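At position 322 of the sequence shown (counting the first as 1) the number is 320 in this note's numbering, and the numbers step up by one without a gap.
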Amino acid sequence: MASIEEILGELQQFAWPDYVAFVSMFLLCIGIGIYFGFMNKSVSEDDYMLGGRKMLVIPIAFSLVASFVSGITLLGLPTEVYSYGIQYLYVACGVIGMGVVMGVFYLPVFHDLNITSTYEYLEIRFDRRLRLYGSVMFAIMNVAYLPIVIYVPALAFNQVTGIGVHTITPIVCIICVFYTSLGGLKAVVWTDVVQAVSMVGALSLVAIKGTHDIGGAGVVLERAWNSDRLEAPDLRIDPTVRHTFWCLFFGGIVYWTQTNAVSQNMIQRYLSLPSLGDARKALCIFCAGVLLLMALCGYNGLLIYATYQNCDPLTTKLAKARDQLLPLFVMKTLGELPGMTGLFIAGVFSAALSSLSTCLNSMSAVVLEDFVKPYVKKPLSSSAINWIMRLVVVGVGALCVCLVYVVEHMGTVLQLTMSLEAITNGPLFGIFTIGLFLPWINGNSALLGGIMGVIAMSWVSLNAQWAIASGAISYHTKALNVEQCDYSFNVTTSLANSTHLVASSAEDIFPLYRISYMWYTTFGASITIIVALLGTLMFGKNNPNKVDPVLLTPCIRKFFTLGSEKPMDAYKPDIPLQHKLRHDEVTL
């Protein structure tokens, strides 16, 4: 009977056609960067950051999809469905809800203001302290997130080729830094289009070939049904259940709205479109694209189970990490077709590159607009602005390469990153929501709410992640077995792994630590808003009628228009930020 090492040796057949397919994608991205960098030599700040606000709807929509769906999603979602069933996929209802909420309440405000950084809004609505707070939270999350984005697909590349993680990550980062710093947003968007097509193509290729090999979609669905992986929404009203319809719908709306509507990474794309109508069209296409990718990932998860139903590679350690399950399946399914494995890995790296380039471009915008411009006495020259933007991209990219070494040697970094995301996302979303919906709350109360939100979420999230890492909290998976494996493996390791997958009793764990992670953003935002409301007892209230209505969500503007002292055309793009309304100049 063959060993795991022998099986992996047979599967790792990454031949020259695969390398050609893999390298071709990188060369195409470099070519796009060179085109926009050298063919448009006089690039203004607005062109570099926002494409001159003249971008087209379809490329922006593709870019949004590619930027949002990272390699972590492409590799993690199939494993989620393989292990726990399709319950998570009901978050699609939350995605649709997010599209409505964002398009109606959030997007009109940011688009009408003609700003570059979303955190400029916080200064206009409140004061500079809130702008700095938002920018710092954004920077912390990006610096923690970027190494994970590039490390996870490097693991996939390592699985199919045996090439070391630290050989490929510097190369990928250098290529991404090159075309992002050279071509700005236009290069990022058009490479995202290529990468979005590559992602969909890779997932479709795996689904079609895998389904053909196993005997059709009917076999996949039958095996999924027999193992309870196809299931109706869980309607229990219990916030400690990992996935219920309610946390996926309501928690999903809040999480996705925060990520898509107020995060600089995403809103920068919408602001590059010439009109609000175009931005809403891009939002609709984005939602459809994300739902398509989620469906493909979910189906591939069911397909992997149908293939390995009698010999779980996670238990036997044929796949040493959960994120290597899909690459293992790809090697088994596409390995015999020249170049196909290379196309799939190119698709995974496309997801990583698009997320990385988006974060780098957004970081350059935030650093320039929020950390440099407010603190310089004289206006910066065009040359200085260009150098600053490009140096930020290069600097953050270099930091990303260095932090990959930290990720590799700290096993809990993935969980720590999830915790950091939960810590910052909720309070930030709460502050933006206060600004848009509660005009009587001033900067002091909002800042107090934001600080208390971060403290509360740090306490809950870090303790919850520690409980999960220590095994005090764990979750049931669907049925997995190793009864019919045709290779030898370590039985002791298998039993230990199987035991860990069974949910432990968590009665002695503090209830807040056991709430579903899907509620984290909602919880953080709620604490921020509640504390800010209570803060008005200490710091007093604004006169709502002195807040310019353009800073409020459209549905409540008509209630707070009395005494407005600034005309709507003050927010046209030809008016610089320094001349826009400063909230602290008009509040009581």
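Backbone N, C-alpha and C define an ideal beta-carbon position, used for all residues, glycine too. If you're wondering where the values come from, they're calculated on a predicted model, not measured in any experiment.
Extent of the continuous alpha helix (DSSP H) run through residue i
i	result
Y297	L274 to Y306
I156	For the sequence presented, residue 156 should be read as Asn rather than Ile. Taken as a continuous stretch (DSSP letters only), the alpha helix (DSSP H) holding N156 covers R126 to T159.
R555	P552 to R555
E229	Premise fails: E229 is in no alpha helix (DSSP H) and is neither H nor E.
H95	Position check: residue 95 holds Gly in this sequence, whereas His was assumed. Per DSSP, G95 belongs to the alpha helix (DSSP H) from V89 to V99.
T356	M338 to V364
L312	P311 to T314
F537	Y518 to F537
F108	L105 to L111
E78	G69 to Y82
N442	G441 to S468
L120	Y117 to R123
Whether residue i touches residue j by CB criterion (8 angstroms)
i	j	result
R227	Y306	no
M100	N263	no
T189	I30	yes
Y80	P231	no
V147	L291	no
G311	L301	It is worth fixing the name first, because residue 311 is Pro in this sequence and not Gly. Taking 8 angstroms as the Cβ cut-off, P311 and L301 do not qualify as a contacting pair.
L246	C91	yes
C295	N140	no
L426	F103	no
V364	S133	yes
S348	S196	yes
S1	T238	no
P151	L401	no
V480	P325	no
N308	Q463	no
R51	S270	yes
I386	V404	no
Beta bridge counterpart(s) of residue i as assigned by DSSP
i	result
A0	Y485
Pairwise C-alpha distance: residue j and residue i
i	j	result
Y253	S524	12 angstroms
Y33	A205	35 angstroms
R267	S456	30 angstroms
K376	R127	21 angstroms
F60	N543	40 angstroms
E118	L274	19 angstroms
E121	K330	54 angstroms
F155	F342	10 angstroms
C171	Y485	38 angstroms
I58	I113	18 angstroms
A444	R123	11 angstroms
M23	A194	12 angstroms
W223	M361	45 angstroms
T167	I471	33 angstroms
S459	W517	11 angstroms
P76	V21	25 angstroms
I138	F176	23 angstroms
L535	W438	12 angstroms
T242	I235	8 angstroms
I70	V346	9 angstroms
I466	M53	44 angstroms
Q11	V217	28 angstroms
V18	G469	44 angstroms
Three-state class that DSSP yields for residue i in the structure shown
i	result
G561	Any reading at G561 must be qualified, since the residue scores a pLDDT of 45, below 50, and its modelled position is unreliable; the value itself is stated next. Reduced to three states, the DSSP call for G561 is coil.
D321	helix
Q193	helix
M53	coil
I169	helix
I513	coil
W244	helix
W385	helix
D546	coil
E334	coil
K375	coil
Q587	Any answer about residue 587 is impossible in this case: the structure gives the chain only from -1 up to 586.
H474	coil
W438	coil
G162	coil
A13	coil
I507	coil
T209	helix
N423	helix
D236	coil
Y86	helix
N258	helix
Proximity test, residue i beta-carbon vs the ligand GTP heavy atom, cut-off 7 angstroms
i	result
T526	Absent from the structure shown: the ligand GTP. Ligands present: none.
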